[in-house]
Amino acid sequence: MTLLARFSLVAVVACLAQVATAAEEIGDAERGEALFRQCQSCHQIGPDATNRVGPHLNGVFGRTAGSVEGFRYSKAFERAGSKGLEWHIDTLGSFLENPKAIVPGTRMSYRGMADAQDRADLIAYMRDFSASPANIPESDPTARAVSHDLDPAILEIQGDPAYGEYLASECQTCHRVDGQDSGIPSIIAWPEDDFVIAMHAYKTKAREHPVMNMMAGRLSNEEIAALAAYFATLE
Amino acid sequence: MTFNRRAFLGTSAMAAAVLAAPRLYAAAHGGKPKVVVIGGGAGGATAARYIAKDSDGAIDVTLIEPTRTYYTCFFSNLYLGGFKQYDDLGHSYGTLASDYGVNVVHDYAVGVDRDAKTVTLASGDSLPYDRLVLSPGIDFVAGSVAGWDVSAQNAMPHAYKGGSQTQLLKAQLEAMPEGGTFVMVAPPNPYRCPPGPYERVSMVAWYLSQNNPTAKIIIADPKENFSKQGLFEEGWQKHYSGMITRIGPDFGGGNVTVDPAAMTVDIDGEVINADVVNVIPAMKAGHIAAVAGVTDGNWAPVNPGDMTSKMDENIHVLGDASAQGDMPKSGFSANSQAKVAAMSIRGALTGSQVFPAKYSNTCWSLIAENDGVKVGASYEPTEEKIASTGSFVSQTGEDAALREATYQESEGWYSGITADMFG
Ligand SMILES: Cc1cc2nc3c(=O)[nH]c(=O)nc-3n(C[C@H](O)[C@H](O)[C@H](O)COP(=O)(O)OP(=O)(O)OC[C@H]3O[C@@H](n4cnc5c(N)ncnc54)[C@H](O)[C@@H]3O)c2cc1C
Chain D
8 MTLLARFSLV
18 AVVACLAQVA
28 TAAEEIGDAE
38 RGEALFRQCQ
48 SCHQIGPDAT
58 NRVGPHLNGV
68 FGRTAGSVEG
78 FRYSKAFERA
88 GSKGLEWHID
98 TLGSFLENPK
108 AIVPGTRMSY
118 RGMADAQDRA
128 DLIAYMRDFS
138 ASPANIPESD
148 PTARAVSHDL
158 DPAILEIQGD
168 PAYGEYLASE
178 CQTCHRVDGQ
188 DSGIPSIIAW
198 PEDDFVIAMH
208 AYKTKAREHP
218 VMNMMAGRLS
228 NEEIAALAAY
238 FATLE
Chain S
35 MTFNRRAFLG
45 TSAMAAAVLA
55 APRLYAAAHG
65 GKPKVVVIGG
75 GAGGATAARY
85 IAKDSDGAID
95 VTLIEPTRTY
105 YTCFFSNLYL
115 GGFKQYDDLG
125 HSYGTLASDY
135 GVNVVHDYAV
145 GVDRDAKTVT
155 LASGDSLPYD
165 RLVLSPGIDF
175 VAGSVAGWDV
185 SAQNAMPHAY
195 KGGSQTQLLK
205 AQLEAMPEGG
215 TFVMVAPPNP
225 YRCPPGPYER
235 VSMVAWYLSQ
245 NNPTAKIIIA
255 DPKENFSKQG
265 LFEEGWQKHY
275 SGMITRIGPD
285 FGGGNVTVDP
295 AAMTVDIDGE
305 VINADVVNVI
315 PAMKAGHIAA
325 VAGVTDGNWA
335 PVNPGDMTSK
345 MDENIHVLGD
355 ASAQGDMPKS
365 GFSANSQAKV
375 AAMSIRGALT
385 GSQVFPAKYS
395 NTCWSLIAEN
405 DGVKVGASYE
415 PTEEKIASTG
425 SFVSQTGEDA
435 ALREATYQES
445 EGWYSGITAD
455 MFG
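Chains as they are written, first to last, in the working numbering: chain D, 8 to 242; chain S, 35 to 457.
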């Protein structure tokens, strides 16, 4: 990549990062599914998706560009990733509009999707195949869906922060109380509902992580509520 | 408490907590109740911090630790591999004193009078306690490796206590001649950090593959099997093919004599000239546990619900020194046990609420750059021991992204546990 091109990549991404779009308004996922047909000759998405001509597109939201395991990327893509390009609603939108402007030298032979509504609908469709904030609050915050399947009675439980404080000591072997993240995410000052939803996603293994599945798996609904209540009080 | 009715009725844990009504406390020595903690490592520092923090000054906490800077054993292998600097491993006790009010005494405990409830220090001072916490880590079993004793630890380092030994082993590794031989004498069970010797072999191999690729590593091992064996062996094959030979007990790996003057290792009659010999002897509880009379054999048996010694209800033994059941001897375990003990000590001395004990452990290991694996389990006290209630382990054949994420997680854990120990 020339110096100029590299500079423009950084500049474009920097501008895009300032555009925040509310989740529910991304677009019409059903229309997006129809639009995805143009992508299908190279890209798969969904339960059995694998890398083909292009990488599979599951979990693309929040992912670093050029990072799907086992896919051989162009140099251009590798470089874009190492420069920090990540896929969010904004960067994907710009990339779809004009791929070669965002990743000059990409092997993807697609001219671009001119219509903004088409792009939004396509992205709304793709969004369904990435981690959703409904059960993973800290996932890419582009589609904060309002629905989750947790029993409302569970969300209603008032946790006891004193009990939470004792239980929390177990979390604090890894999660720092000052919220610093050196490889393990901060869990302080979350809205209590988000905390409870995330922990139940681990408890039921809807979300997979061996340590968290083990930790959440043995907590009762009341204990999860107690932890949520305690961690919500930390700053 | 702010339970709604459904939550309250449904909480068996709370019901148990209510049953564990605090006993009334009478200070044995007058004034505020006193806790003395011997050993400022993973168990002791955590216990001191939690007791001081959660009792808000109602308990006097004194921590006795000879060294001013605690160098962690955890991540010391990464230092050997070149992924950490020595300074990254060091932690001071300043915050425990300044922010938590712990009375940190840099001295060595030499005696415990259980009847008078006092601890004697090398300086001659004597400290009274109402509760004593012992977390002295490990010492080595004399004579467990023929030809080796601690006077030989400069020629043949163990590097199995933090600090200068780790630096020495690193220096010896760096000074190895091209194509030289590194021998590890691995310990018998039980010992601190079950994957530790094998993570060390991995990190030594990483260093050598970068700097001295024709060098060889030989492990003499008295054990049939070891922790995360499949994962390590897969990794060694993948990253260091041909460099590492492990001689198990079937081939005499348990029949070892070393000669520190000649720098030779005799493995079942075959004499190897070595450039570096890392002898990790059999282990036992830190000496002060035996001095206090709370050991049975090599370790100090404890009650699974609160880590109190089976010999003395006013003494809690934490971490590597304790014999508690299924938990491995790890920093994570010691930290987990310390929190249970801290809660129970506060309950006994100040009447604060005591909740049912929960324990857990996860040990991460690094096999090569960005190739991290982990093993972990959760535990609960039963009548007889701390028993495992569930476990997991990384799988062979995991993709590189997952292994890298696992390594990143271990970085987060290190930052988390050291903050949890030292504030
Ligand atoms: C190479 C290696 C790698 C490891 N990696 C990991 C890992 O990745 N994860 C993990 O969880 N664990 C790991 N461990 C294990 C971990 O270091 C120990 O299990 C842990 O430190 C045990 O805590 P402890 O409190 O029992 O003892 P220690 O942490 O050893 O602390 C004991 C302290 O007591 C002091 N002391 C001893 N006697 C006296 C006395 N008489 N008076 C006053 N003070 C005294 C000592 O100076 C020492 O500071 C590793 C160990 C090694 C050797």
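Where is the CB? At the ideal position from N, CA and C, for every residue including glycine.
Since we're looking at a predicted model, the values are computed, not measured.
- Any heavy atom of ligand 1 within a distance shorter than 7 Å of the CB on residue 104 of chain D? What you label residue 104 of chain D is simply residue 97 of the first sequence in a count that begins at 1. No; taking the cut-off as 7 Å, the Cβ of residue 104 of chain D has no heavy atom of ligand 1 nearer than that.
- Task: Classify residue 279 of chain S as buried or exposed, calling it buried when 16 or more other Cβ atoms lie within 10 Å of its own Cβ.
- Result: To locate residue 279 of chain S, count along the second sequence from 1; it is residue 245. Residue 279 of chain S comes out exposed.
- Task: Can you pull the chain S residues whose beta carbon is under 9 Å from the beta carbon of residue 158 of chain D, in chain order?
- Result: Indexing the first sequence from 1 puts residue 158 of chain D at position 151. Within 9 Å Cβ-Cβ: nothing; residue 158 of chain D doesn't reach chain S, min ~11 Å.
- Task: Classify residue 206 of chain S as buried or exposed, calling it buried when 16 or more other Cβ atoms lie within 10 Å of its own Cβ.
- Result: Here residue 206 of chain S corresponds to residue number 172 of the second sequence, with the count starting at 1. Per the 10 Å Cβ criterion, buried.
- Query: So, are the CB atoms of residue 153 of chain S and residue 163 of chain S less than 8 Å apart?
  - Reply: Mapped onto the second sequence, residue 153 of chain S falls at position 119. Mapped onto the second sequence, residue 163 of chain S falls at position 129. Going by C-beta atoms, residue 153 of chain S is nearer than 8 Å to residue 163 of chain S.
- Please determine if the stretch 162-169 of chain D and the stretch 72-87 of chain D are in contact, where contact requires at least 3 C-beta pairs separated by less than 8 Å. no
- So which residues on chain S does residue 182 of chain D lean against when the C-beta distance must stay under 7 Å? The residue labelled residue 182 of chain D in the question sits at position 175 within the first sequence. The contacting residues are 450.
- Measuring only between beta-carbons, confirm whether residue 339 of chain S sits less than 8 Å from chain D. Sequence index remark: in the second sequence, residue 339 of chain S carries index 305 (1-based). Cβ-Cβ to chain D under 8 Å: no for residue 339 of chain S.
- Any beta-carbon of chain S closer than 8 Å to the one on residue 225 of chain D? By 1-based counting over the first sequence, the position of residue 225 of chain D is 218. At least one chain S Cβ lies under 8 Å of residue 225 of chain D.
- Query: Taking the C-alpha atoms as reference points, what is the distance between residue 438 of chain S and residue 93 of chain S?
  - Reply: Counted from its first residue, the second sequence places residue 438 of chain S at position 404. Counted from its first residue, the second sequence places residue 93 of chain S at position 59. Each residue's alpha carbon lies about 43 Å from the other.
- Any C-beta of chain S sitting closer than 8 Å to the C-beta of residue 67 of chain D? Start at 1 with the first residue of the first sequence, and residue 67 of chain D comes out as number 60. No, its Cβ sits nowhere closer than 8 Å to a Cβ of chain S.
- Proximal chain D residues relative to residue 423 of chain S, where beta-carbon distance stays under 8 Å: If you number the second sequence from 1, residue 423 of chain S lands on position 389. By Cβ distance, chain D contributes 225.
- Along chain D, which residues have their Cβ under 9 Å away from the Cβ of residue 454 of chain S? Along the second sequence, one-based indexing puts residue 454 of chain S at 420. What residue 454 of chain S touches in chain D: 176, 179, 180, 181, 183, 184.
- Using a C-beta cutoff of 8 Å, does residue 442 of chain S count as contacting chain D? Here residue 442 of chain S corresponds to residue number 408 of the second sequence, with the count starting at 1. Judged by the 8 Å Cβ criterion, residue 442 of chain S is in contact with chain D.
- Message: Helix, strand or coil for residue 250 of chain D? Go by DSSP, reduced to three states.
- Response: In the structure displayed, chain D extends from 8 to 242; residue 250 of chain D sits before or after that span and is not available.
- Are any of the Cβ atoms in chain D nearer than 8 Å to that of residue 432 of chain S? Locating residue 432 of chain S in the second sequence gives position 398, counting from the first residue. No, no contact with chain D.
- Query: In chain order, what residues of the same chain lie with their CB nearer than 7 Å to the CB of residue 360 of chain S, ignoring the 5 residues before and after it?
  - Reply: Working through the second sequence from its first residue, we reach residue 360 of chain S at position 326. The residues are 413, 419, 420, 421, 422.
- Item | Coil, strand or helix - residue 162 of chain S by DSSP | In the second sequence, residue 162 of chain S corresponds to position 128, counting from 1. Strand, per DSSP.
- Task: May I have a chain-ordered list of the beta strand (DSSP E) segments no shorter than 3 residues that lie completely inside the stretch 290-323 of chain S?
- Result: 290-293, 298-301, 304-307, 310-313, 317-319
- Three-state class that DSSP yields for residue 421 of chain S in the structure shown: Residue numbering aside, residue 421 of chain S sits at position 387 when the second sequence is read from its first letter. Looking at residue 421 of chain S - three-state DSSP - the assignment turns out to be strand.
- Query: Shorter than 8 Å from the beta carbon of residue 189 of chain D to some beta carbon of chain S?
  - Reply: Here residue 189 of chain D refers to the residue found at position 182 when the first sequence is read from its first residue. Cβ-Cβ to chain S under 8 Å: yes for residue 189 of chain D.
- Message: Taking 7 Å as the cut-off, is the C-beta of residue 320 of chain S nearer than that to any heavy atom in ligand 1?
- Response: As a position in the second sequence, residue 320 of chain S is number 286, starting the count at 1. The answer is yes for residue 320 of chain S.
- Anything in chain D within Cβ reach of residue 435 of chain S, meaning under 9 Å, just list it in chain order. Counted from its first residue, the second sequence places residue 435 of chain S at position 401. Result: 74, 75, 76.
- Message: Using a 10 Å radius around the Cβ and a threshold of 16 neighbouring Cβ atoms, would you call residue 290 of chain S buried or exposed?
- Response: For this step, residue 290 of chain S is matched to residue 256 along the second sequence. It is buried - the Cβ of residue 290 of chain S has at least 16 other Cβ atoms within 10 Å.
- Query: So residue 161 of chain S packs on residue 428 of chain S, CB below 8 Å; how close in whole Å?
  - Reply: For the purposes of this step, residue 161 of chain S is identified with residue 127 of the second sequence, where counting begins at 1. For the purposes of this step, residue 428 of chain S is identified with residue 394 of the second sequence, where counting begins at 1. Not confirmed; about 44 Å, so no contact.
- Under 7 Å between beta-carbons, which chain D residues line up against residue 377 of chain S? List them in chain order, please. Walking along the second sequence from the start, residue 377 of chain S turns up at place 343. Chain D residues near residue 377 of chain S: 173.
- Query: If residue 62 of chain D and residue 78 of chain D are in contact, beta carbons under 8 Å, what's the gap, nearest whole angstrom?
  - Reply: Start at 1 with the first residue of the first sequence, and residue 62 of chain D comes out as number 55. Start at 1 with the first residue of the first sequence, and residue 78 of chain D comes out as number 71. About 4 Å; that satisfies the 8 Å criterion.
- Task: For residue 3 of chain D, go through chain S and note every residue whose CB falls closer than 7 Å to its CB, in chain order.
- Result: Outside the displayed range of chain D (8 to 242) lies residue 3 of chain D, so it cannot be described from this structure.
- Task: Could you tell me whether any Cβ in chain S is nearer than 8 Å to the Cβ of residue 203 of chain D?
- Result: As a working mapping, residue 203 of chain D is identified with position 196 in the first sequence. It does not: the Cβ of residue 203 of chain D has no partner Cβ on chain S nearer than 8 Å.
- Is residue 333 of chain S helix, strand or coil when you go by DSSP? On the second sequence, position 299 is the one that residue 333 of chain S refers to. Here residue 333 of chain S sits in strand by DSSP.
- Message: At a threshold of 7 Å, does residue 143 of chain S count as lining ligand 1 (C-beta to nearest heavy atom)?
- Response: As a working mapping, residue 143 of chain S is identified with position 109 in the second sequence. Yes, the Cβ of residue 143 of chain S comes within 7 Å of a heavy atom of ligand 1.
- Query: Closer than 7 Å: is that where the CB of residue 101 of chain S sits relative to any heavy atom of ligand 1?
  - Reply: Residue 101 of chain S sits at position 67 when you count from the first residue of the second sequence. Yes, the Cβ of residue 101 of chain S comes within 7 Å of a heavy atom of ligand 1.
- Message: When you compare the stretch 327-337 of chain S with the stretch 177-190 of chain S, are there three or more beta-carbon pairs, one atom per stretch, that lie closer than 8 Å?
- Response: no
- By Cβ distance below 6 Å, which residues in the same chain neighbour residue 40 of chain D in space, the five residues on each side in sequence not counted? Looking up residue 40 of chain D in the first sequence gives position 33. Once the five neighbours on either side are set aside, the close Cβ partners of residue 40 of chain D are 132.
- Query: Nearest-angstrom Cα distance between residue 259 of chain S and residue 275 of chain S?
  - Reply: Start at 1 with the first residue of the second sequence, and residue 259 of chain S comes out as number 225. Start at 1 with the first residue of the second sequence, and residue 275 of chain S comes out as number 241. Approximately 20 Å, taken between the alpha carbons.
- Message: Residues of chain D with CB closer than 9 Å to the CB of residue 396 of chain S, please, in chain order.
- Response: Mapped onto the second sequence, residue 396 of chain S falls at position 362. Neighbours of residue 396 of chain S on chain D, chain order: 180, 181, 217, 218, 221.
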